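To start, the structure itself, in structure tokens.
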Ligand SMILES: Cc1cc2nc3c(=O)[nH]c(=O)nc-3n(C[C@H](O)[C@H](O)[C@H](O)COP(=O)(O)OP(=O)(O)OC[C@H]3O[C@@H](n4cnc5c(N)ncnc54)[C@H](O)[C@@H]3O)c2cc1C
Ligand code: SF4
Ligand code: SF4
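Chains as they are written, first to last, in the numbering used here: chain A, 35 to 181; chain B, 2 to 411.
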């Protein structure tokens, strides 16, 4: 399946992916209206220091610990994509406790939030990759186990 | 065609079905479970009382799970006797079910010491099943005074769930601190203050000596009047089915890394087992939902001829009370990092060059990075541990690690 892959050597640390993610998942059609003056809640996070930067989002693991661990069954796979039913989620954050990459976080309503590859929002494909100016984030098919 | 039999239809049992079906789409699976309900997330029973979920949404893998996986499921039926030589299990219905591969996913039962006079208490409950929650829902009214005995996470979750339904909720525990199995004396007071600020009455270092109708006489000499009693002192693994058949048990059913018991053709998974805790280097009860699920899946794969290992088991728990999140994991060996404020805390523990445990209250962001360090027993000298201590991120793991994890399918 297609996943979001990150090449940190090409990352500029511009944080554009975070804004594009927050916008894509805001349900708004106007970026200024969606983001201006509000704390943004992206599902991708740019980490690093003054030398290295890179973006982290859900890896859509082959055998996801988060799905095994979710106490409500809210986390599940749809055609390989790890999705969350936020109506079922009770906000216990067991998924945060187990995700080895720090890729889940609580949303404003307490329920957990994670990357779902923008397949269900208006963007239709990962907004982070689509908007990355340097192709440090790509959305593509790679063989399992191939870096 | 292979005959699979699973006893217990909760997290471990359902995950066992998933494990079997990941390799064997044809075999006949029968699942027998005492509870009348289809699979549900057991920890959700307090969220149910709180009104944060309902019975429909509580279904863990969906109402149609057994149908989708072609499982012959028997609800409200109990397995009463195991005959390993004949390879069959006798049920409360009188039926005898034969098996080729059997998995015991029996969970645990609430434990209570004998309190003098407890039989004089009319409204008395445990808090481990959906039936318990439904019964409490019926009994507790806006004027009820609720007494919860036990300030572990189950007792406190029950108290949280009942706060808005009841007149008052008091929680007592012989231990000096709330959640004493998960928190230490530095972190627990932060939780206690938060619980009291949210309307719970705590009586710590004190417990009931005897009951007299609706009065609890405490060790301290105080008396507590109540209308509804919840006993949440602890749980014990259900081991008797296997023990009586001659299988190896200690506190829990003894299992190897493949979740096999000491008897051929019999596996066990979940809260009924005792297994290796890699953070302690010893076996223990790892009774939390993620482990039940991982173990059940592992057992299922192996029952179907695979070679899955459950070899990274640790205790780990994430729980919240009135908006305060608490996470704990592993074994509390030597403290190597402490951050304490009025509203939160963070403690890391390490030994022999690996992280063995942590406690987080308040800020729990990306805690899974710590959990992963414990489970994987990552040598701390291979990462920039000083940086990880302060803030969990992937930066201290180095570029090769990130290239593998962020640039490949994992
Ligand atoms: C109130 C509460 C809150 C919790 N909160 C959390 C939490 O936040 N996070 C977390 O990780 N864990 C939590 N837990 C623990 C978690 O629920 C358990 O670890 C998990 O349910 C274990 O799953 P299991 O399948 O091993 O056993 P169980 O869920 O106990 O299920 C065992 C099943 O087997 C059936 N059974 C037993 N004996 C027989 C028999 N002889 N014949 C037929 N059927 C039988 C039982 O009826 C039951 O349905 C909580 C538990 C409780 C009670
Ligand atoms: S949330 Fe974490 S554990 Fe779950 S699939 Fe994504 S990366 Fe894997
Ligand atoms: S926070 Fe929600 S998605 Fe995460 S484990 Fe808890 S119930 Fe599942």
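C-beta atoms are modelled at their ideal positions from N, C-alpha and C, and glycine is treated no differently.
Values in this document were obtained by computation on a predicted structure and should not be read as measured data.
Distance cut-off 6 Å: residue i Cβ against heavy atoms of ligand 1
i, result
"residue 105 (chain A)", "yes"
"residue 44 (chain B)", "yes"
"residue 8 (chain B)", "yes"
"residue 1 (chain B)", "There is no way to answer for residue 1 (chain B), as the model of chain B reaches only from 2 to 411."
"residue 107 (chain B)", "yes"
"residue 234 (chain B)", "no"
"residue 471 (chain B)", "Since the first and last residues shown for chain B are 2 and 411, residue 471 (chain B) lies out of range."
"residue 155 (chain B)", "yes"
"residue 271 (chain B)", "yes"
"residue 290 (chain B)", "yes"
"residue 36 (chain B)", "yes"
"residue 158 (chain B)", "yes"
Straight-line gap, residue i to residue j (C-alpha atoms, nearest Å)
i, j, result
"residue 181 (chain A)", "residue 411 (chain B)", "Note that residue 181 (chain A) scores a pLDDT of 47, beneath 50, so its modelled location is shaky; the value from the coordinates is reported in the next line. Cα-Cα distance, rounded: 10 Å."
"residue 197 (chain B)", "residue 217 (chain B)", "21 Å"
"residue 25 (chain B)", "residue 303 (chain B)", "11 Å"
"residue 158 (chain A)", "residue 142 (chain A)", "23 Å"
"residue 201 (chain B)", "residue 169 (chain B)", "7 Å"
"residue 69 (chain A)", "residue 162 (chain A)", "15 Å"
"residue 102 (chain A)", "residue 226 (chain B)", "42 Å"
"residue 488 (chain B)", "residue 272 (chain B)", "Absent from the model: residue 488 (chain B). The displayed extent of chain B is 2 to 411, so no value can be given."
"residue 74 (chain B)", "residue 9 (chain B)", "10 Å"
"residue 393 (chain B)", "residue 364 (chain B)", "11 Å"
"residue 58 (chain A)", "residue 396 (chain B)", "26 Å"
"residue 308 (chain B)", "residue 322 (chain B)", "39 Å"
"residue 36 (chain B)", "residue 3 (chain B)", "26 Å"
"residue 31 (chain B)", "residue 91 (chain B)", "13 Å"
"residue 67 (chain B)", "residue 178 (chain A)", "31 Å"
"residue 192 (chain B)", "residue 27 (chain B)", "50 Å"
For residue i, three-class secondary structure by DSSP
i, result
"residue 344 (chain B)", "coil"
"residue 306 (chain B)", "coil"
"residue 223 (chain B)", "coil"
"residue 81 (chain B)", "strand"
"residue 173 (chain A)", "strand"
"residue 152 (chain A)", "coil"
"residue 296 (chain B)", "helix"
"residue 285 (chain B)", "strand"
"residue 234 (chain B)", "coil"
"residue 15 (chain B)", "helix"
"residue 212 (chain B)", "strand"
"residue 139 (chain B)", "helix"
"residue 181 (chain A)", "With a pLDDT of 47 at residue 181 (chain A), under the threshold of 50, the modelled position of that residue is not reliable, and no figure is offered here."
"residue 272 (chain B)", "helix"
"residue 331 (chain B)", "strand"
"residue 159 (chain B)", "helix"
"residue 144 (chain B)", "coil"
"residue 95 (chain A)", "coil"
Heavy atom of ligand 3 within 6 Å of residue i beta-carbon
i, result
"residue 128 (chain A)", "yes"
"residue 123 (chain A)", "yes"
"residue 293 (chain B)", "no"
Host beta strand (DSSP E) of residue i (start-end)
i, result
"residue 127 (chain B)", "Looking at the DSSP string, residue 127 (chain B) is not in any beta strand (DSSP E), and its letter there is neither H nor E."
"residue 407 (chain B)", "Per DSSP, residue 407 (chain B) belongs to no beta strand (DSSP E); it is in the alpha helix (DSSP H), 400 to 408."
"residue 359 (chain B)", "355 to 362"
"residue 38 (chain A)", "36 to 40"
"residue 319 (chain B)", "317 to 322"
"residue 372 (chain B)", "Counting along the chain, residue 372 (chain B) falls outside any beta strand (DSSP E), though it belongs to the alpha helix (DSSP H) covering 369 to 377."
"residue 4 (chain B)", "4 to 8"
Ligand 2 heavy atom lying under 6 Å from the CB of residue i
i, result
"residue 116 (chain A)", "yes"
"residue 88 (chain A)", "no"
"residue 111 (chain A)", "no"
"residue 99 (chain A)", "yes"
"residue 376 (chain B)", "no"
"residue 48 (chain B)", "no"
Residue range of the alpha helix (DSSP H) that includes residue i
i, result
"residue 128 (chain A)", "128 to 132"
"residue 195 (chain B)", "189 to 198"
"residue 145 (chain A)", "Unbroken run through residue 145 (chain A): none, as it is neither H nor E."
"residue 169 (chain B)", "Taken as a continuous stretch (DSSP letters only), residue 169 (chain B) belongs to no alpha helix (DSSP H), being part of the beta strand (DSSP E) at 169 to 174."
Ligand 4 heavy atom lying under 6 Å from the CB of residue i
i, result
"residue 138 (chain A)", "Ligand 4 is absent from the structure shown, which contains only ligand 1, ligand 2 and ligand 3."
Contact with chain D by residue i, beta-carbon distance below 7 Å
i, result
"residue 411 (chain B)", "Protein chains in the displayed structure are A and B, and chain D is not among them."
Any 3 or more C-beta pairs closer than 8 Å across the stretch 249 to 269 of chain B and the stretch 101 to 111 of chain B: yes
Stretch pair the stretch 165 to 178 of chain A + the stretch 77 to 85 of chain B: three plus CB contacts closer than 8 Å: no
Segment contact flag, the stretch 149 to 168 of chain B with the stretch 334 to 350 of chain B, C-beta cutoff 8 Å, min 3 pairs: no
Contact between the stretch 286 to 295 of chain B and the stretch 254 to 261 of chain B (3+ Cβ pairs under 8 Å): no
Inter-stretch contact (C-beta, 8 Å, three-pair minimum) for the stretch 113 to 124 of chain A and the stretch 148 to 155 of chain A: yes
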